[in-house]
Amino acid sequence: MMISISFHLKSQKRGGCSVYLYGSLPELGGGDPTKSIEMTRSNGSYSFYADIKTSLNNDSSNFWYRYYFKTRFGAIINEVCPPRKCYLNIHDNINNSVMNFYDTFDIPSSIGGVVIQFRVQYKANYGQKLFVCGDNEILGKWKPENAVQLEPVLNSDFSESDIWTTTVMIPSSNKPISFMYKYIVFTSPKNFFWEPQHNHCFEIGACPSPSVFVINDVCQWCDNLYEIYSRDPFVKVINRRQTSQQPLTFVPNNTPDTVFVNFTVRAPHVRPSQVLSIIGSTQEVGEWYADRSYQMNDSEFPVWKATISFKTSDFPIEYKYVLLDRASNDVIYEQRYNRVITLCDLESVDRSFPTSININDWYTNPNPELYKGFGITTSLFTLKTEKSCGIGQFTDLPKLVDYCKKIGSSLIHLLPINDTSGSGDWEDSNPFNIISGRALHPIYIDLLAIHGVSHSDLCEIAEKKQKFESLNGIDYPKVYKFKIKKLKEIFIGIESSLGTNNQYRAFVKNNQDWLRMYGLFCYFRDQYKTKNFNKWPQHNSITHREIKQLSTEYVKELQFYYWVQYICHKQLLSAKEYAEEHSIVLEGEVALHSPYQSVSVWANPDLYNIDMITGEVPTNENMSSFNCLTNNGNNYQNSSPMNNSVYSSLNNSPSFNWKGIAATNYAQWCDRITYMSKYFHMIQINQSTSIFRFFEVNNSQSIHSILGHFNPAIPLSKAELKEHGLLDIDRYTKPYVRWYLLKDKFGDDADLIASTFFNHFGTSLENQIFSFKPEYNSEKKISKYFKKKEMNQQQREIWEKGLIELIDNVLLVEDPEKLEHYHARAEACIEKVIQNNKQEKTVISSTSWLDLPKAQKEEFANLLTDYFYHRQNELWTELSYPKLRTIKNSTNALLCSDNVERNHLFIGILQDFNILSSRVQRIPRYYGTFFDKVREYPYLSIATPATSQMPSLRDWWEENQQVTADFWKHEIWRTDEPPRSCEPWVQELILKQHLTSQSMWAVFMLQDIISIDERFRQTNPEKERITPCPSEFVNNERKWNRRMQFTLEKINEADDFCYRIRRIVEDSNRI
1 MMISISFHLK
11 SQKRGGCSVY
21 LYGSLPELGG
31 GDPTKSIEMT
41 RSNGSYSFYA
51 DIKTSLNNDS
61 SNFWYRYYFK
71 TRFGAIINEV
81 CPPRKCYLNI
91 HDNINNSVMN
101 FYDTFDIPSS
111 IGGVVIQFRV
121 QYKANYGQKL
131 FVCGDNEILG
141 KWKPENAVQL
151 EPVLNSDFSE
161 SDIWTTTVMI
171 PSSNKPISFM
181 YKYIVFTSPK
191 NFFWEPQHNH
201 CFEIGACPSP
211 SVFVINDVCQ
221 WCDNLYEIYS
231 RDPFVKVINR
241 RQTSQQPLTF
251 VPNNTPDTVF
261 VNFTVRAPHV
271 RPSQVLSIIG
281 STQEVGEWYA
291 DRSYQMNDSE
301 FPVWKATISF
311 KTSDFPIEYK
321 YVLLDRASND
331 VIYEQRYNRV
341 ITLCDLESVD
351 RSFPTSININ
361 DWYTNPNPEL
371 YKGFGITTSL
381 FTLKTEKSCG
391 IGQFTDLPKL
401 VDYCKKIGSS
411 LIHLLPINDT
421 SGSGDWEDSN
431 PFNIISGRAL
441 HPIYIDLLAI
451 HGVSHSDLCE
461 IAEKKQKFES
471 LNGIDYPKVY
481 KFKIKKLKEI
491 FIGIESSLGT
501 NNQYRAFVKN
511 NQDWLRMYGL
521 FCYFRDQYKT
531 KNFNKWPQHN
541 SITHREIKQL
551 STEYVKELQF
561 YYWVQYICHK
571 QLLSAKEYAE
581 EHSIVLEGEV
591 ALHSPYQSVS
601 VWANPDLYNI
611 DMITGEVPTN
621 ENMSSFNCLT
631 NNGNNYQNSS
641 PMNNSVYSSL
651 NNSPSFNWKG
661 IAATNYAQWC
671 DRITYMSKYF
681 HMIQINQSTS
691 IFRFFEVNNS
701 QSIHSILGHF
711 NPAIPLSKAE
721 LKEHGLLDID
731 RYTKPYVRWY
741 LLKDKFGDDA
751 DLIASTFFNH
761 FGTSLENQIF
771 SFKPEYNSEK
781 KISKYFKKKE
791 MNQQQREIWE
801 KGLIELIDNV
811 LLVEDPEKLE
821 HYHARAEACI
831 EKVIQNNKQE
841 KTVISSTSWL
851 DLPKAQKEEF
861 ANLLTDYFYH
871 RQNELWTELS
881 YPKLRTIKNS
891 TNALLCSDNV
901 ERNHLFIGIL
911 QDFNILSSRV
921 QRIPRYYGTF
931 FDKVREYPYL
941 SIATPATSQM
951 PSLRDWWEEN
961 QQVTADFWKH
971 EIWRTDEPPR
981 SCEPWVQELI
991 LKQHLTSQSM
1001 WAVFMLQDII
1011 SIDERFRQTN
1021 PEKERITPCP
1031 SEFVNNERKW
1041 NRRMQFTLEK
1051 INEADDFCYR
1061 IRRIVEDSNR
1071 I
């Protein structure tokens, strides 16, 4: 392995002296001074040099050498320092490399490899020590016990400064050198913490010669703005760079009397028209003139880099980062003191030695103004363009992007677009009723955009398109049936070409884990005509091994389902790329829970408690509608003809098996979020409170959630209850039924009710204690009885409602796993809340609580408050941090939570992780208030008048005049009478109110923006809502069939209206 080596020596000795070089290499005399070689004089700081070529092997890869002077009188003057040593890594193929050694006579130098000095600024507390740990052997291979300790640099008065330093050396290499590292603060061997944020990275080009690098680091800290601005909405869209620059590679310095300074800094909040530059005290950085500053390389945005060569005589150098606006010529300086670069202070390094200084300033944000944006929220199925075919499609999104660009909106929030396919009926129209957290819905495919569609198919599609588009809404079953039929026909025509389609093959390979599960589920669903896998004659339970085997066995049958997802992927990805090019952020929704009839529950039952179902936490505010089991993220109030009762559909979500899901490191959640991040820059986490806890109830017994409990939770033990003087456990856990309650609820039917449903005992009728017969001792048993019972409808409702209220008349709920442990029943002191047509509420107290002795009533009231508002907080906080950390690290999308209402504990923790909170004006954040205060919203939030599952602004305005009057007075601050309908100027007023909030985003439902213009308002405001209206439910069937009245092309042609909205947005500084 031949290499060329140049030796350069700096010496103050002059006159007729000659300089000689010898060492362990054969070309240097093999260690014999008498066989040394004479060096040649040269100009410059290093006045002598010698060149040799040598062959290296394992024995000679590490060698030594020395210099000596010979006077003209023959006297020998040797160096007083030890032999110099060189360390080479011959495994890096350094053949034909050129190496340069720069030495100073009599100065002991250990620069025989790559010397790296770490210098970091950190203000330590008393007793703390600083270490550096990295991914190579020298830095400990990420093992804290093997980390390298740094020492504080002493000030002139011998006090310790905030600068810590240490030096390491690695062998020279003809390959690029790269390693990762972080700093660790130790208080004791068992008490230490790692530096937050990213790993530091030392990355340099080939370094065959001995070199010196000084790493000037800043110890990173947690910065909210940096966290937010470094994520996809800003890096890929809002601050997207249009650069032609090549990535900058730092290289070693081989020029004496110079210093290469390699700058690296993260600056994500730099607008597209701006560029980050370095301005400073020397000519190379403009001498403080902004127009002569040094522009940095943005090819790795949000990381900016620059390499500048300075003369050694220029040091110390002062500098700052500055933003130059190429459009306006504005200059924005960092608002901080000047940064300073000093020369290397290693004793073994001469001032003339060609060193490199790596400046890692981590993060800067010269922009004084925080970014604020305006967005719209809608569902994909409601969109209507000239290309649509009965429903919104992936290819309709570019038209929505064009409209948003025109009105100044920079965000599109879409309701879930995952596959909901079951039987293809109206139940599947609910976008929250997903069967897969990753598969996209094939109903959104644009059939005309598929490559290879035959002419006859094109004609048929065009004919059906015309028919579907003539409807007022969506005929989901017919549209779905037609699209699936055509997809199958198209697939038959192109199936043979898939084997040579590299993009399709790559898609299947990269997603095979979830595609196998999804494909098999869909295949069996179609074979057995139901997605309820419990009804399948085969494969109703399955293992991952069986999934792998069956996916091979049915590989031909599964190709159709793979191909459909591939088409969905291509069309949605194309829409995302279009949005990025036009600076529009796409936000999607990801659900943490899965419905019972879904791929996840079928393939991963160990991750769920199948016997338990999730539900809404009952409160005195939602008990008026008996808010019940979570229906895939939606609660449908007043949807049943029974007053104050709501029955959940069968398609609900099982609760999590926390141990099972934790054992996978929450892989299911992370996989969903990671996959949907391919298509969206922002992700809203639905049911985000489930990260902390969920409310579960026995699925085989309950029809609503009032007898549920939190999971995880700390239940009340029997011993603990005893300490509070609560001894009669049966009294608290069994339904409290007395004769006067039966008379009160059922009147003259009390005797019949008692004999039919109850066992009873006692000395007299008034003192009898009633207990439910085993065949009627749960809500579901009672409900089942009345479904089969033929009787008067009004009497049925009274009996069923009254009996269920009695079933729920308990104070404690037994823990399903721990014996003699109990949970406080939600709102145990309340039986129900009655709400009249004016939405006025009357609270009816629980008789089980009212009939307790006074002392026990007080104890229960205190226990109830503690259990729900204090007891669980520490547990939920402790368990939430690893979940949130894992979720956040799974994606670079910006995460948002859905509305968590008044749980300030959860809100605070989510803010700690820089997860944006949704602030909904119609949902008050504090008790005793009617609305959330828009003017008080924090920056890391999303301001919106309502969610997409609420009525539109116009519809809500007319629902309740008293609520509207309160809103008019307290939120709009008007003393006059509010208009009876939400007129355009009122909508515009509410729009401006949110746009001027401090929230990062102000987001509005698309229909609330469009209806500001009289030309685009629906005659009936109810038609503007996305979700089904309760008044339209037929046999409890919910039809998600809303559609835009006008095409996006038509709306986009209204230039006057678009510019009117844009001016409002511009005036609020949200463009």
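The letter at position 409 of the sequence shown is residue 409 when you use the UniProt record's numbering, and the numbering goes up by one with no holes. Glycine included, each C-beta is placed from N, C-alpha and C at the ideal position.
Could you spell out where the alpha helix (DSSP H) holding residue i opens and where it closes?
i: MET517; result: 512-528
What's the C-alpha gap between residue i and residue j?
i: SER211; j: GLU878; result: 48 Å
i: ALA667; j: ILE661; result: 7 Å
i: TYR403; j: HIS582; result: 11 Å
i: VAL98; j: ILE3; result: 6 Å
i: GLU977; j: SER917; result: 33 Å
i: ALA124; j: ASP162; result: 7 Å
i: ASP106; j: TYR226; result: 49 Å
i: LEU765; j: GLN835; result: 33 Å
i: HIS821; j: LEU716; result: 5 Å
i: VAL265; j: ALA306; result: 9 Å
i: ALA267; j: VAL303; result: 6 Å
i: LYS883; j: ILE909; result: 12 Å
i: ASN365; j: VAL900; result: 31 Å
i: ASN433; j: VAL697; result: 20 Å
i: SER328; j: ASP955; result: 45 Å
i: ASN191; j: TYR528; result: 59 Å
Is it true that the CB of residue j sits closer than 9 Å to the CB of residue i?
i: VAL585; j: GLY725; result: no
i: ASP350; j: THR104; result: yes
i: HIS704; j: ASP815; result: no
i: HIS904; j: ARG231; result: no
i: LEU323; j: ILE332; result: yes
i: PHE524; j: TYR371; result: no
i: TYR937; j: SER999; result: yes
i: ASN319; j: ASP223; result: Inspection of the sequence shows that residue 319 is occupied by Tyr rather than by Asn. No; because the gap between Cβ atoms is not below 9 Å, this pair is not in contact.
i: VAL813; j: ALA824; result: yes
i: LEU991; j: ILE1012; result: yes
i: ILE753; j: PHE746; result: yes
i: PHE491; j: PHE560; result: yes
Would residue i be called buried (16 or more neighbouring beta carbons within 10 Å of its own) or exposed?
i: HIS870; result: exposed
i: SER188; result: exposed
i: ALA826; result: buried
i: ALA506; result: exposed
i: MET39; result: buried
i: GLN565; result: buried
i: SER159; result: exposed
i: HIS200; result: buried
i: ARG1025; result: buried
i: PRO398; result: buried
i: PRO853; result: exposed
i: PHE193; result: exposed
Which residues mark the beginning and the end of the beta strand (DSSP E) in which residue i is found?
i: ALA306; result: 303-311
i: ASN174; result: 173-188
i: GLU369; result: Note, GLU369: premise wrong, no beta strand (DSSP E); not H, not E.
i: TRP194; result: 191-194
i: ILE706; result: ILE706 -> no beta strand (DSSP E), and no H or E assigned at all.
i: LEU742; result: Here LEU742 belongs to no beta strand (DSSP E); instead the alpha helix (DSSP H) covers 739-746.
My assumption, with CB atoms under 8 Å, is that residue i sits in contact with residue j. Please give the rounded CB distance.
i: LEU440; j: LEU448; result: With a Cβ gap of about 18 Å, LEU440 and LEU448 do not count as contacting.
i: PHE250; j: ILE317; result: Not a contact, Cβ separation roughly 18 Å.
i: LEU383; j: GLY392; result: 3 Å
Quick one: is the Cβ of residue i within less than 8 Å of any heavy atom of the ligand FMN?
i: SER848; result: Ligands in the displayed structure: none, and consequently the ligand FMN is not present.
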